[in-house]
Every structure is written in structure tokens, then in C-alpha cells.
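Encoded as C-alpha cells, the structure appears first; notes follow it.
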Amino acid sequence: MPDRCCGTSIGVLIIDLQGRLLMIERGWYPIGIAPVAGHIADAHTSPEEALLAEVREEVGLTVTSHAMVWSGWLPNLCAGRPAALPGHRWVVGRAAVTGELAPDPTETRGAAWYTRQAVGALAARTLDYARGGLTDAEFAARPGLEPVWLELLHVTRRLPLTLSPHELALVRRLYTTPPERYWAGGRLVDAATLARDLATAP
Numbered sequence: 001m002p003d004r005c006c007g008t009s010i011g012v013l014i015i016d017l018q019g020r021l022l023m024i025e026r027g028w029y030p031i032g033i034a035p036v037a038g039h040i041a042d043a044h045t046s047p048e049e050a051l052l053a054e055v056r057e058e059v060g061l062t063v064t065s066h067a068m069v070w071s072g073w074l075p076n077l078c079a080g081r082p083a084a085l086p087g088h089r090w091v092v093g094r095a096a097v098t099g100e101l102a103p104d105p106t107e108t109r110g111a112a113w114y115t116r117q118a119v120g121a122l123a124a125r126t127l128d129y130a131r132g133g134l135t136d137a138e139f140a141a142r143p144g145l146e147p148v149w150l151e152l153l154h155v156t157r158r159l160p161l162t163l164s165p166h167e168l169a170l171v172r173r174l175y176t177t178p179p180e181r182y183w184a185g186g187r188l189v190d191a192a193t194l195a196r197d198l199a200t201a202p
């Protein structure tokens with residue numbers, strides 16, 4: 001992952017014949033369970049190229065067909081230093097895949113297929129966190145959906161519950177909160193340390 005965010009992201013909805021959604025548990029900030037996703041412009045020339053690569057890298061599967069279903073900008077932050085306009089220009093696609101599930105051991109803490117009921121339960125846990133019902137430590141120990149994916153699944157009509165404007169505002173507050181550590185020099189660095197290093201850089 002580059003030190004500076006490119007401001008673009010691909011998200012991939014992989015749904016099996018039973019209607020289950022493939023999601024990973026993210027290996028670092030932003031914490032949560034989410035569909036396959038990654039930056040586009042940092043290493044790829046198009047959303048389509050990024051979609052194929054991220055599915056292969058994060059879950060070890062090969063895309064056999066895909067279609068883009070939504071695009072738009074959201075102000076969510078990641079572990080890279082923000083782009084000039086903080087947030088990401090998202091493209092979300094739906095993909096069919098083949099192969100044997102093999103989650104990346106660094107970028108993920110595993111992957112699984114989730115029923116609509118399970119997705120709804122994860123969404124409810126994130127909403128509880130957004131309302132202040134869970135501490136940061138409790139959410140990190142047993143995360144719900146990655147906050148930005150509540151909104152992405154909402155706009156792509158894959159979220160099994162309805163979000164009110166107030167709930168969307170609470171979720172946005174979560175995903176616009178800066179991380180405690182940033183990716184810099186090939187490793188995660190405390191925000192305070194990074195700020196000091198940048199302030200003293202020639």
C-alpha cells in the first residue's frame with residue numbers, strides 16, 4: 001500500500017448461488033468485515049483491472065465475469081495519508097468467481113460466505129458501535145461491517161436493513177475518523193510519530 005492514498009477504490013460484490021456474500025475480515029484499519037476492496041489508481045490502470053487483481057490478491061479466486069453496478073464519491077478514510085480531497089471515488093462491481101477460497105494472511109484475518117441474516121447482524125453491530133454502545137476495543141475484538149460498507153451496501157441495495165438519515169450520519173462519523181496509525185515506509189506508523197517526522201523533514 002502506498003504512503004499517500006490515491007483517492008480511488010474498487011469494491012467487489014461476490015454472491016454465490018445461495019445468495020451469500022463473500023467478505024473478509026480486514027487485517028488493519030479500517031477495522032471491520034467487508035467485501036473485497038482495494039485502491040485503483042495506486043497500481044492499476046482501470047477499475048476493471050483493479051477488480052480482477054483485488055479478488056485474486058485478497059481471496060485467491062479468479063473472476064469469470066463482472067459488471068460495474070455503482071460509482072460515487074464518499075469521504076471515507078484509509079490507512080494511507082489522505083488524498084488532496086480526503087475520501088475515495090468508489091466503483092462497485094459484482095463478480096462471478098471460480099477457484100478455491102484462499103484469503104491473504106496479511107491483508108485479511110480470514111474470509112467467509114455470509115447469509116443476508118448474517119450481514120444484517122454485522123450491520124446492526126456496527127450501528128451499535130456508531131451509537132456508542134460498544135467501545136473501540138470491543139468492536140476491534142469482534143467487529144461488525146466495516147463502516148463505509150454499510151453505506152455502500154445501502155446504495156447498492158444489498159443491505160438487509162434500512163438506514164435512517166440519522167444512522168447514515170453516525171456511520172459517516174465513524175468512517176471519517178482518522179486512523180491512529182498510517183501506512184508509511186512499508187509499515188504502520190503511529191499518527192503522532194508520522195506528524196513529528198513530517199514536521200521535521202527537510
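Quick note on the UniProt record's numbering: the sequence shown kicks off at 1 and runs consecutively. Note that the Cβ used here is the ideal one computed from N, Cα and C, for glycine as well.
Exercise. Return the Cβ separation of V59 and L101 in integer angstroms, given the expectation that the two are a contact with Cβ distance under 8 Å.
Key: 6 Å
Practice problem: Could you check which residue in E146, P147, L51, E151 has the C-alpha nearest to that of S9? | Solution: L51
Exercise. Under the assumption that G80 contacts C5 (Cβ atoms under 8 Å), give the Cβ distance between them as a whole number of angstroms.
Key: 4 Å
Quiz item: Could you give the distance in angstroms between the alpha-carbon of V12 and the alpha-carbon of R196?
Solution: 37 Å
Quiz item: Going by alpha carbons, who is nearest to Q117 out of G110, A111, R125?
Solution: R125
Practice problem: Pair every Cβ in the region 20-39 with every Cβ in the region 108-115, then say whether three or more of these pairs are closer than 8 Å. | Solution: yes
Quiz item: Among P160, V171, T200, which residue has its Cα nearest to the Cα of L21?
Solution: P160
Exercise. For L134, I'd like the list of residues in its chain whose CB is within less than 7 Å of its CB, leaving aside the five on either flank, ordered along the chain.
Key: D128
Quiz item: Just to confirm, are V97 and T64 a CB contact at a threshold of 9 Å?
Solution: yes
Quiz item: Where does the unbroken beta strand (DSSP E) through residue 204 begin, and where does it stop?
Solution: The structure shown does not extend to residue 204, since the chain is modelled only from 1 through 202, so no value can be given for it.
Quiz item: If E180 and A34 are in contact, beta carbons under 8 Å, what's the gap, nearest whole angstrom?
Solution: The pair is not a contact, with the Cβ atoms about 19 Å apart (cut-off 8 Å).
Quiz item: Where does G38 fall in DSSP's three states?
Solution: strand
Practice problem: Please name the residue or residues paired with A96 in a DSSP beta bridge. | Solution: S65
Self-check item: Presumed contact (8 Å Cβ cut-off) between P105 and I31, rounded CB distance
Solution: The pair is not a contact, with the Cβ atoms about 17 Å apart (cut-off 8 Å).
Self-check item: R158 to L174 span [Cα, whole Å]
Solution: 20 Å
Practice problem: Helix, strand or coil for R158, going by three-state DSSP, please let me know. | Solution: coil
Quiz item: Who does R4 pair with in a DSSP beta bridge?
Solution: R81
Quiz item: Excluding sequence positions up to five away, which residues of its chain have a Cβ less than 6 Å from the Cβ of I40?
Solution: T8, I10, P47, A50
Quiz item: For A130, does the count of other Cβ atoms within 10 angstroms reach 16, so buried, or fall short, so exposed?
Solution: buried
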